[in-house]
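Note sheet for the following structure.
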Amino acid sequence: MTSGLVVALDPAGGDGVPGAVGAVPAFTVGEATAGWLSVALEAADAAGSEWWADWLRRLPGVAGVEVVFVHWDGADPEVTRADA
Amino acid sequence: MSETPPPDHPHTAADLLPHRLQRFATLLAAVAVGTALFGLLTGLREPPRPERPAPPSHADHRSVPAAVGYADLPTANLRPDAGRNRTLAGLRYDQPGAFDPVVRTEEMKRAALADRAKNRAYDGAPPTIPHPVDSQSTASCLACHGEGLKVGDRVASRMSHPLMTNCTQCHVEQSPVPAETTFVGVYRAGPGGRASPGAPPTVPHHTWMRENCASCHGLVTRPGTRTTHPWLTNCTQCHAPSAALDQTEFAEGQK
Amino acid sequence: MPTLEATRRQFVRTAALSAASAVIGSRAAAQPPTPPGGMELPVLPGVTWDKAPCRFCGTGCHVQVGVKDGRVVAVSGDRRAEVNKGLLCVKGYHVGHILYGPDRLTRPMLRRNGRLEPITWDEAIETIAGRIQAAPAKFAFYGSGQWTVSEGYAANKFIKGGLGNNHIDPNARLCMASAVTGYISTYGVDEPYNCYDDLDHCDVLILWGNNFAEMHPVLFSRFIDRKLRGDKVTLIDLTTRLTRTSERADHVFVFQPQSDLAIANCIAQQVIAADAVATDFVAKHCTFRKPWKRPGDPQTLMGEPCSFDEYKQFVAEYTPEAVSKTSGLSVEQLRLLGSLFADRSKRISSLWCMGMNQHTQGTAINNLVHAIHLLSGHWGRPGDGPQSLTGQPSACGTVREVGTLSHALPGDLRVDKPDQAAKAEALWNLPPGRINPKVGYHTVQMWEKFCTPADRGGDIDTLWVQVTNPGQSLPNLPKLFEKKPADKFLIVSDVYPTATTELADLVLPSAMWVEKNGVYGNSERRTQQWFKMVNPPGEARDDCWQTIAVARKLFDLGHPGMKDKDGRFLFHITDGNGREVPVWRWESYYGTVNVDEKLYEEYRPFTQIKHKDVAPYRELTKARGLRWPVVKQPDGTWKETRYRFLEEFDPYVAKGKGVQFYHSVAGDDKAFIWFRPYVPPPEVPDKEYPLWLDTGRVLEHWHTGTMTRRVPQLKRAVPAAYVEVSREDAAALGLKTGDKVRLETRRGSLELTAWIDGRGRCPKGHVFVPFFDETKPINRLTLDAHCPFSKEPDYKKCAVRLVKVSA
Chain A
1 MTSGLVVALD
11 PAGGDGVPGA
21 VGAVPAFTVG
31 EATAGWLSVA
41 LEAADAAGSE
51 WWADWLRRLP
61 GVAGVEVVFV
71 HWDGADPEVT
81 RADA
Chain B
1 MSETPPPDHP
11 HTAADLLPHR
21 LQRFATLLAA
31 VAVGTALFGL
41 LTGLREPPRP
51 ERPAPPSHAD
61 HRSVPAAVGY
71 ADLPTANLRP
81 DAGRNRTLAG
91 LRYDQPGAFD
101 PVVRTEEMKR
111 AALADRAKNR
121 AYDGAPPTIP
131 HPVDSQSTAS
141 CLACHGEGLK
151 VGDRVASRMS
161 HPLMTNCTQC
171 HVEQSPVPAE
181 TTFVGVYRAG
191 PGGRASPGAP
201 PTVPHHTWMR
211 ENCASCHGLV
221 TRPGTRTTHP
231 WLTNCTQCHA
241 PSAALDQTEF
251 AEGQK
Chain C
1 MPTLEATRRQ
11 FVRTAALSAA
21 SAVIGSRAAA
31 QPPTPPGGME
41 LPVLPGVTWD
51 KAPCRFCGTG
61 CHVQVGVKDG
71 RVVAVSGDRR
81 AEVNKGLLCV
91 KGYHVGHILY
101 GPDRLTRPML
111 RRNGRLEPIT
121 WDEAIETIAG
131 RIQAAPAKFA
141 FYGSGQWTVS
151 EGYAANKFIK
161 GGLGNNHIDP
171 NARLCMASAV
181 TGYISTYGVD
191 EPYNCYDDLD
201 HCDVLILWGN
211 NFAEMHPVLF
221 SRFIDRKLRG
231 DKVTLIDLTT
241 RLTRTSERAD
251 HVFVFQPQSD
261 LAIANCIAQQ
271 VIAADAVATD
281 FVAKHCTFRK
291 PWKRPGDPQT
301 LMGEPCSFDE
311 YKQFVAEYTP
321 EAVSKTSGLS
331 VEQLRLLGSL
341 FADRSKRISS
351 LWCMGMNQHT
361 QGTAINNLVH
371 AIHLLSGHWG
381 RPGDGPQSLT
391 GQPSACGTVR
401 EVGTLSHALP
411 GDLRVDKPDQ
421 AAKAEALWNL
431 PPGRINPKVG
441 YHTVQMWEKF
451 CTPADRGGDI
461 DTLWVQVTNP
471 GQSLPNLPKL
481 FEKKPADKFL
491 IVSDVYPTAT
501 TELADLVLPS
511 AMWVEKNGVY
521 GNSERRTQQW
531 FKMVNPPGEA
541 RDDCWQTIAV
551 ARKLFDLGHP
561 GMKDKDGRFL
571 FHITDGNGRE
581 VPVWRWESYY
591 GTVNVDEKLY
601 EEYRPFTQIK
611 HKDVAPYREL
621 TKARGLRWPV
631 VKQPDGTWKE
641 TRYRFLEEFD
651 PYVAKGKGVQ
661 FYHSVAGDDK
671 AFIWFRPYVP
681 PPEVPDKEYP
691 LWLDTGRVLE
701 HWHTGTMTRR
711 VPQLKRAVPA
721 AYVEVSREDA
731 AALGLKTGDK
741 VRLETRRGSL
751 ELTAWIDGRG
761 RCPKGHVFVP
771 FFDETKPINR
781 LTLDAHCPFS
791 KEPDYKKCAV
801 RLVKVSA
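Residue numbers (this note's numbering), protein chains in the order written: chain A, 1 to 84; chain B, 1 to 255; chain C, 1 to 807.
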């Protein structure tokens with residue numbers, strides 16, 4: 001499961017975030033503009049994605065994380081039927 | 001993306017396109033793969049951030065729809081067509097964003113003016129209707145001309161004047177076989193004068209029945225006459241009209 | 001070769017990253033990215049660029065001025081200016097033209113046998129000094145909100161510190177005096193606590209009689225363009241006539257002239273009725289005030305204390321139903337306003353300019369708008385508060401801060417308070433008692449006294465006008481200007497022939513704008529500096545030099561007031577080696593010292609008295625203006641203040657106070673919530689004069705048009721004045737657009753061309769005439785009745801009749 005995330009950086013102290021995130025193999029770090037950082041996340045399933053996103057949220061210098069893209073290939077099929 | 005791909009990075013089509021186009025290309029590609037699902041048009045939620053202007057939530061129709069957050073996945077409405085818009089007015093994907101860069105060349109300008117001249121007897125004449133008119137109800141005119149609509153390279157201009165309900169009083173269909181005439185109209189009032197480099201040009205034409213500048217200069221119009229700065233909406237703040245052209249020149253001894 | 005799977009994964013990852021980047025991109029782009037023309041200044045061969053504030057209104061936009069071969073050749077919006085962020089209005093884009101009208105005044109001229117004849121500067125200065133020396137107490141100075149800070153400061157020091165005469169008043173008396181009395185009687189100290197940042201943060205913007213789109217277009221755009229960025233903002237236009245502002249407003253409430261007083265009280269009544277009083281805020285930071293001991297007594301500026309219960313009773317009669325009758329607004333419209341103020345989740349900004357200030361109850365309506373914001377707690381958050389705007393570029397900087405008013409001294413001191421006058425005497429190194437404790441004549445009085453023969457009590461006989469055009473802008477011109485007796489002496493320093501120079505006995509050619517060094521102060525407490533960039537034409541010279549040269553001539557003639565207590569010249573200016581520079585000689589004026597800087601730095605300590613510390617000159621040279629108080633930080637940098645009285649922003653608020661009105665009237669750190677009753681206007685339409693006459697500006701012209709009417713692009717847009725007539729009144733009078741019509745009031749008459757509807761649209765029973773056109777001086781008709789406290793006349797409402805002249 002691959003996701004695109006927008007990370008909002010803390011105006012004071014977000015400088016270390018791209019390095020810290022880049023060090024984790026699950027993440028690919030994209031561009032950082034005006035206090036925002038784009039990140040791609042690859043994880044086995046939704047639970048894994050959620051775990052990593054949560055990790056990112058707690059990372060010092062991160063003010064917030066938004067999910068803006070989800071690619072479901074190989075992910076848990078249960079979730080995709082949640083539209084009922 | 002600002003990153004230079006590593007040498008073994010296979011170039012995707014997206015990499016080779018300019019940033020703006022890349023957004024669309026990427027989205028189209030993702031749809032083509034058939035497995036990507038986007039979330040609803042629910043708007044982008046902004047985390048609480050001090051001292052930074054809040055981003056627009058839904059100002060730009062073409063903002064990438066936000067995916068559902070992981071925590072909301074179990075309850076989300078994820079039908080493939082959940083975000084589909086069914087109203088005519090909602091079909092606005094051809095409208096450029098107010099903050100998109102505008103490219104306007106002399107060539108485009110000439111083309112736009114030539115196109116404009118096609119369905120006007122002269123500058124200031126009401127344009128003729130370049131398409132068949134099946135229904136003459138005001139509502140049917142307004143469906144496209146109320147707000148303006150652009151599909152592909154076809155433009156339905158937004159009304160340049162306040163709503164008058166009897167549209168076909170002034171706007172008539174073009175006959176496929178034009179009558180012969182030796183009348184030659186003046187198609188263009190001329191470019192607006194600039195006081196000095198960087199000064200805004202003055203309005204070179206009258207503004208009677210053309211109060212709505214966006215009709216010809218707004219986002220939904222021919223690219224050649226579009227404003228280069230659509231995010232500024234108070235046009236007459238900088239572009240001065242002409243009392244002489246507007247026939248409001250009340251100079252001494254003049255009517 | 002990567003495997004197919006690896007390529008596919010790479011592709012999806014790129015797509016994910018692109019989607020995220022696109023979101024960021026659209027957000028970054030949601031800030032207007034670059035002004036038209038990009039971030040860079042136009043590259044023009046041989047052109048050098050420098051910053052200056054725009055010469056026109058009180059917004060205080062910065063322009064970049066392009067100079068080539070000693071002439072201004074281009075103007076560009078200053079990208080680094082916070083106020084305008086690279087944008088300008090059409091006047092600003094053409095501001096460079098104002099230097100180059102073909103009829104610039106280039107030589108001093110004296111009227112002999114009815115004609116103005118060229119004389120030398122020496123003769124001119126001697127003539128003025130001679131007139132003043134003969135009767136110093138009968139001399140008056142009429143100045144301007146377009147004076148630079150140093151020009152106003154020099155004039156003020158010359159007349160109050162030198163001549164011991166307080167007859168100095170500025171045209172700003174006609175413009176924002178009511179805002180001043182409103183601020184002083186509410187907070188104890190003048191000028192807005194807030195700033196233009198409110199336009200970026202408010203949810204609701206209420207315009208009180210202000211055609212914002214035409215009068216402060218750059219600020220209007222700053223607000224209205226937020227809609228495009230997706231901000232949910234509401235614009236409410238409280239107005240007496242439909243304008244370009246109304247076209248963009250979400251709600252347009254057309255009220256009867258003068259009923260703004262009742263509308264404000266009606267909002268207070270509803271806030272109380274809805275139990276939405278900001279109890280905590282009011283208890284901690286406000287007290288209530290009534291304008292008299294008991295209803296019926298004359299109102300006073302500072303009023304009397306009153307309890308909340310009394311206040312509640314006073315406003316109780318202003319129910320929506322009752323006020324609907326006075327104001328012409330519907331009960332629903334009034335309820336909408338009431339419910340807005342009762343809802344503290346929304347941030348409400350109130351803005352006003354001439355509609356509230358040029359008002360015979362100007363102080364009262366200013367008090368009331370502050371009151372409803374304080375009462376409801378819509379005060380203090382960015383975007384949530386009341387703010388007055390000014391019409392002139394340095395009405396705040398030169399008039400309000402330098403105190404070029406008949407009662408004031410620099411730094412908010414008063415001539416009639418001995419302890420305060422003593423402070424000024426100390427700073428000026430003057431002997432004690434030099435400053436006259438008697439308040440001088442305010443504008444209307446000054447001109448009345450000047451136009452009255454000496455044997456009938458007209459005790460002003462020489463009047464010096466700088467940087468303004470009273471011959472067109474005073475109200476009731478037949479009474480206050482045109483009656484000038486032949487033996488009185490009118491001196492006019494200006495750049496073009498004007499309605500005022502028509503009657504002048506001595507005309508002095510002045511340098512203007514970037515032909516001199518200068519400092520201005522805009523509406524949001526921002527002090528702005530610029531350097532001289534080109535030479536003035538012919539013999540034109542700085543107004544400030546003119547004042548100093550006259551002072552020196554008086555010094556030479558032995559006038560004792562021109563010396564400080566150590567016997568030095570009043571304008572003792574020294575170079576780096578401590579040697580006095582003879583700046584009264586023109587050739588030394590732009591020599592080894594920057595006189596503008598010297599005078600500004602001499603003035604600066606005054607501003608610290610009431611915590612309005614303006615920035616050091618050197619800091620101003622680097623900035624696009626700084627908002628006072630500008631306070632030095634431990635690291636040596638200087639910090640401006642966006643919001644006063646709020647601990648978060650204002651370094652002068654005591655720790656832990658949160659909000660502190662540290663110059664409050666009662667000395668208790670609390671602001672006044674005023675009750676002021678509705679008072680009918682002094683002149684209302686009747687059978688004889690059945691219509692309301694309103695006057696004002698249009699976007700393209702500024703004030704009396706002496707500058708903008710000489711710019712082809714602006715003159716082309718609106719070449720001449722007209723009268724806007726409603727369709728209903730036009731039909732009744734048998735008028736059509738283009739017909740000649742005569743406007744008649746009890747004071748005068750004027751022929752104008754009718755424009756049905758027009759640039760704006762008047763409701764039935766109202767007409768509007770712009771005042772920019774010197775060939776059609778509408779102020780021959782307006783009323784000189786004025787606010788009892790601010791002495792500001794009401795140009796916005798008097799009774800008029802229309803007579804059709806011809807078809």
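Glycine residues also receive a C-beta, built at the ideal position from the N, C-alpha and C atoms.
Next on the checklist: I'd like to know if the stretch 697-715 of chain C and the stretch 770-777 of chain C are in contact, where contact means that at least 3 CB-CB pairs between them fall below 8 Å.
Outcome noted: yes
Checklist entry - Terminal residues of the continuous alpha helix (DSSP H) containing Ser144/C? => result Where Ser144/C is concerned, there is no enclosing alpha helix (DSSP H), given that its DSSP letter is neither H nor E.
Checklist entry - Going by C-alpha distance, which of Asn779/C, Ser178/C, Met302/C, Glu151/C is nearest Arg747/C? => result Asn779/C
Item to check | Pro33/C at chain A interface by Cβ criterion, 8 Å | outcome: Interpretation of Pro33/C is limited by its pLDDT of 49, a score under 50 that renders its predicted location unreliable; the figure taken from the coordinates is listed afterwards. For Pro33/C, no CB of chain A lies under 8 Å from its own CB, so it is not counted at the interface with that chain.
Checklist entry - Is there at least one Cβ from chain B nearer than 8 Å to Val67/C's Cβ? => result no
Next on the checklist: The beta strand (DSSP E) that contains Val252/C, what's its start and end?
Outcome noted: If you look at Val252/C, you'll find it in the beta strand (DSSP E) that goes 251-254.
Item to check | Where the alpha helix (DSSP H) through Gln174/B begins and ends | outcome: Careful: Gln174/B lies outside any alpha helix (DSSP H) and carries neither H nor E.
Next on the checklist: Taking contact to mean 3 or more Cβ pairs, one atom from each stretch, closer than 8 Å, check whether the stretch 501-508 of chain C and the stretch 585-601 of chain C are in contact.
Outcome noted: no
Next on the checklist: Is it the case that the stretch 451-464 of chain C contacts the stretch 170-187 of chain C, given that we only count it when at least three CB pairs across the two stretches are under 8 Å?
Outcome noted: Contact fails: fewer than three Cβ-Cβ distances are below 8 Å.
Item to check | Exposed unless 16 or more other CB atoms sit within 10 angstroms - verdict on Thr48/C | outcome: So Thr48/C counts as exposed.
Next on the checklist: Check for me: the alpha helix (DSSP H) holding Gln313/C runs from which residue to which?
Outcome noted: 308-316
Checklist entry - Sorted by chain position, which residues of the same chain lie with C-beta nearer than 8 Å to His663/C's C-beta, five sequence neighbours on each side aside? => result Tyr187, Gly188, Val189, Lys610, His611
Checklist entry - Between which two residues does the beta strand (DSSP E) containing Glu751/C stretch? => result 749-756
Checklist entry - Are the C-beta of Leu56/A and some C-beta of chain C separated by less than 8 Å? => result no
Checklist entry - Where do the N-terminal and C-terminal ends of the alpha helix (DSSP H) with Asp686/C fall, by residue? => result No alpha helix (DSSP H) contains Asp686/C, which DSSP labels as neither H nor E.
Item to check | Residue range of the unbroken alpha helix (DSSP H) whose run includes Phe220/C | outcome: 217-224
Item to check | Between the CA atoms of Ala22/C and Ser38/A - distance to the nearest angstrom | outcome: Between Ser38/A and Ala22/C, the alpha-carbon positions lie close to 9 Å from each other.
Next on the checklist: Contact criterion: CB-CB distance below 8 Å. Does Ala23/A meet it with respect to chain B?
Outcome noted: no
Item to check | Tyr813/C classed as buried or exposed, judged by whether at least 16 other C-beta atoms fall within 10 angstroms | outcome: Limits of chain C in this structure are 1 at one end and 807 at the other, which puts residue 813/C out of reach.
Checklist entry - Would you call the CB atoms of Leu693/C and Val767/C closer than 8 Å? => result yes
Checklist entry - For the alpha helix (DSSP H) that contains Cys266/C, what are its first and last residues? => result Counting along the chain, the alpha helix (DSSP H) containing Cys266/C begins and ends at 260-273.
Checklist entry - By the 10 Å Cβ neighbour count, where 16 or more other Cβ atoms means buried, how is Lys670/C classified, buried or exposed? => result Counting the other CB atoms within 10 Å of its CB gives Lys670/C a total of 16 or more, which places it among the buried residues.
Next on the checklist: In this structure, how does DSSP classify Thr360/C when only helix, strand and coil are distinguished?
Outcome noted: coil
Item to check | Three-state class that DSSP yields for Asp556/C in the structure shown | outcome: helix
Checklist entry - Grouping DSSP H, G and I as helix and E and B as strand, with all else coil, what is Gly64/A? => result Strand.
Checklist entry - In terms of alpha-carbon separation, which member of Lys346/C, Trp379/C, Thr300/C, Asp297/C lies closest to Phe281/C? => result Trp379/C
Next on the checklist: With a threshold of 8 Å between beta-carbons, can Trp755/C be considered close to chain B, or not?
Outcome noted: yes
Next on the checklist: Taking the alpha-carbon of Lys565/C as reference, which of Ile435/C, Phe645/C, Trp530/C has the nearest alpha-carbon?
Outcome noted: Among Ile435/C, Phe645/C, Trp530/C, the Cα nearest to that of Lys565/C is on Ile435/C.
Checklist entry - When the Cα of Glu597/C is compared with those of Arg552/C, Asn517/C, Asp635/C, which residue comes out closest? => result Asn517/C
Checklist entry - Rounded to the nearest angstrom, how far is the Cβ of Leu99/A from that of Val21/A, given a contact under 8 Å? => result One cannot answer for residue 99/A here, as it falls past the ends of chain A, which runs 1 to 84.
Item to check | Ala82/A - DSSP class collapsed to helix/strand/coil | outcome: Reliability fails at Ala82/A, whose pLDDT of 39 lies under 50, so the model's placement of it is uncertain and no value is given.
Next on the checklist: Please identify the residue among Glu317/C, Leu474/C, Pro291/C whose C-alpha is closest to the C-alpha of Asn171/C.
Outcome noted: Leu474/C
Next on the checklist: With a threshold of 8 Å between beta-carbons, can Glu700/C be considered close to chain B, or not?
Outcome noted: yes
Item to check | For Val614/C, the nearest candidate out of Cys266/C, Val402/C, Leu733/C, Tyr496/C (CA to CA) | outcome: Val402/C
Checklist entry - With DSSP run on the structure shown, which of helix, strand or coil describes His256/B? => result An answer regarding residue 256/B cannot be provided, because it is not within the stretch 1 to 255 covered by chain B.
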